[in-house]
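One structure is given here, and the rest of the page talks about it.
Chains as they are written, first to last, in our numbering: chain A, 1 to 261; chain B, 262 to 522.
Below, the structure written as structure tokens:
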């Protein structure tokens, strides 16, 4: 039964985040009523198993809705499109890098930014995903919190400026980290070694910083300032100038930190 | 009781790896007899709680020993020093980057390279650490395997060339990854945000590649070729040219991979 604390929600989008979010919301006390996508079939494919409705136009939005969550790519978050949504709705987006101003056509608006890397390939426990909130006013913030707290045990209130810094930090901590994994994969592959051999090290490296700060647990030739090993590594990368430059630049960055301590 | 399958072992060194290895060996069917260090007090500090003896010179090595494991820094692995050990011993080192040739003073020698990042701050479950072996002959290899299998469930036989490639790969997968964490820490700190907010993302990023290859799960603006976000990030880093250069170079590297697919 719907109470003042139960919100009726529609999700716009069918991408990775929309999919994970819709599935997680369907498990809460809130009601996922609709999924909106330009392609009705994709909307229905996501909505149906969750007892929601798949729709393909704003005009089909239910009058019972309290909130619409735009789980779209940054480039799809256009203010002209957003302005077409009914004005009495709370409207949110989920982007780390798009300003809240894009939502200003609506009096009640906010940001609902789950800080995680979403892939189709992997199921996720939403309860451990930090959700970052920002809202046009305190009444909206309270409602966003109701939804966020039903999904996750970690909620942060951060402003747009902080959110942009966070998004950039996440590119380093996630996207560039995955690139480091990928480079190591290629180096192993060249030596006829399986990626499997590095998986425990990768996991331990991430686990270490769960209870420590990264600068406390830095290891390796760069932090030891081990010129012999660094020189040997540099030489090994002679046939790959891009990687060699990355190696030397990151080594320098670690060294620099070290000298500052 | 000692059998043909039980080895008497001494560890040389008292650093992070020596400490973790000594503690783990003391739990196996093999016998850690001695810890050797230039500083007798440090040797005793590690050895005593493990019912072993702390010594400070090669002449004090027990005649009952079968194997000596040199858990030393690369620069301490000098062939002149190693040649002073009794010639009937199996002698091994634990380095990812030093050639096996440094041990050639001894007929029976090998490499015992645990692939993990060892910090004093954090206890480790040795059973999940891959141990990479190489030996002067099959008899020695069999003995190294006896020791390795008593410690870990994952053993690899790899040659010196592969080991060097692996060590370089580990620098990317561990040391440079930790640098990415550290950079994200600093970016958050500048925005008055706690590192805590990124910890779940860091863990998930590492967990993702436990069952997938990194190139399968790459996310972020670089792989999407999202010029708008990349441009905004670049601008944010205007006041830090080193970080800006790192950002652009790693973005280019991800992009390049993407174009190759």
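Think of the CB as a built atom: it goes at the ideal place given N, C-alpha and C, for glycine as much as any other residue.
Computed from a predicted model, the values in this text were never measured in an experiment.
- Considering only beta carbons, the part of the region 47-75 of chain A lying closer than 9 angstroms to chain B consists of 73, 74 and 75, in chain order.
- For residue 362 (chain B), there are no neighbours in chain A by C-beta distance under 9 angstroms, as the nearest C-beta there is about 14 angstroms away.
- Put simply, the CB of residue 175 (chain A) is near chain B, with a gap under 9 angstroms to one of its CB atoms.
- Sequence-distant Cβ neighbours of residue 83 (chain A) in its own chain, meaning closer than 6 angstroms and more than five residues away, are 105.
- Beyond the five residues adjoining it in sequence on each side, residue 407 (chain B) comes within less than 8 angstroms, by CB distance, of 266, 268 and 291 in the same chain, given in chain order.
- Under the three-state reduction of DSSP, residue 93 (chain A) is assigned to strand.
- The secondary-structure analysis by DSSP pairs residue 109 (chain A) across a beta bridge with A:91.
- A distance below 7 angstroms between beta-carbons, with the five flanking residues on each side excluded, links residue 22 (chain A) to the following residues of its chain, in chain order: 11, 32, 35, 46 and 50.
- Residue 200 (chain A) places its beta carbon 9 angstroms or farther from that of residue 416 (chain B).
- Residue-level contact by beta carbon holds for residue 170 (chain A) and chain B, with a gap shorter than 9 angstroms.
- At least 9 angstroms separates the CB of residue 486 (chain B) from every CB of chain A.
- Counting along the chain, the unbroken alpha helix (DSSP H) around residue 202 (chain A) starts and ends at 199-211.
- Two segments are said to touch when three or more pairs of C-beta atoms, one from each, lie closer than 8 angstroms; by this definition the region 440-449 of chain B touches the region 157-169 of chain A.
- For residue 502 (chain B), no chain A residue has a C-beta closer than 9 angstroms to its own C-beta; the minimum C-beta separation is roughly 12 angstroms.
- A Cβ-Cβ contact shorter than 9 angstroms links residue 180 (chain A) with residue 441 (chain B).
- Under the DSSP assignment, residue 134 (chain A) falls in the beta strand (DSSP E) whose first and last residues are 131-135.
- Proximity of chain B to residue 214 (chain A) at the Cβ level (cut-off 7 angstroms) is accounted for by 439, 442, 443 and 446, in chain order.
- Non-local C-beta neighbours of residue 60 (chain A) in its own chain, meaning closer than 6 angstroms and more than five positions away in sequence, are absent.
- Rounded to whole angstroms, the Cβ separation of residue 332 (chain B) and residue 274 (chain B) is 4 angstroms, and the two are in contact under 8 angstroms.
- Residue-level contact check: residue 145 (chain A) does not touch chain B, since none of the beta carbons of chain B fall below 9 angstroms from its beta carbon.
- Remark: C-beta atoms of residue 174 (chain A) and residue 515 (chain B) do not approach each other more closely than 9 angstroms.
- In the three-state reduction of the DSSP assignment, residue 54 (chain A) falls in the strand class, which pools E and B.
- By the CB criterion at 9 angstroms, residue 379 (chain B) and residue 413 (chain B) fall outside the cutoff.
- The three-state reading of DSSP puts residue 16 (chain A) in helix, counting H, G and I together.
- Of the other Cβ atoms in all chains shown, 16 or more fall within 10 Å of the Cβ of residue 439 (chain B); this residue is therefore buried.
- Flagged as an interface residue toward chain B: residue 190 (chain A), by a C-beta distance shorter than 9 angstroms.
- Residue A:123 holds the alpha-carbon nearest to the alpha-carbon of residue 478 (chain B) among A:79, A:74 and A:123.
- Ranked by how close their Cα comes to the Cα of residue 144 (chain A), the residues A:220, A:101, A:112 and A:89 have A:112 in first place.
- Near chain B, meaning a CB-to-CB distance below 8 angstroms, the residues of the region 134-164 of chain A are 154, 156, 158, 161, 162 and 164.
- The alpha-carbon separation between residue 132 (chain A) and residue 115 (chain A) amounts to approximately 7 angstroms.
- Under the 9 angstroms criterion on CB atoms, residue 118 (chain A) is classed as interfacial with respect to chain B.
- Listed in chain order, the non-local C-beta contacts of residue 157 (chain A) below 6 angstroms within the same chain comprise 133, local neighbours out to five positions each way being set aside.
- For residue 424 (chain B), the number of other beta carbons within 10 angstroms of its own is at least 16, and it is reported as buried.
- Of all residues in the region 242-254 of chain A, those with a C-beta nearer than 9 angstroms to a C-beta of chain B are 242, 243, 245, 246, 247, 249, 250, 251, 252, 253 and 254, reading in chain order.
- At a cut-off of 9 angstroms, the C-beta of residue 202 (chain A) has a neighbouring C-beta in chain B.
- Spanning the alpha carbons of residue 17 (chain A) and residue 369 (chain B) requires a straight line of approximately 57 angstroms.
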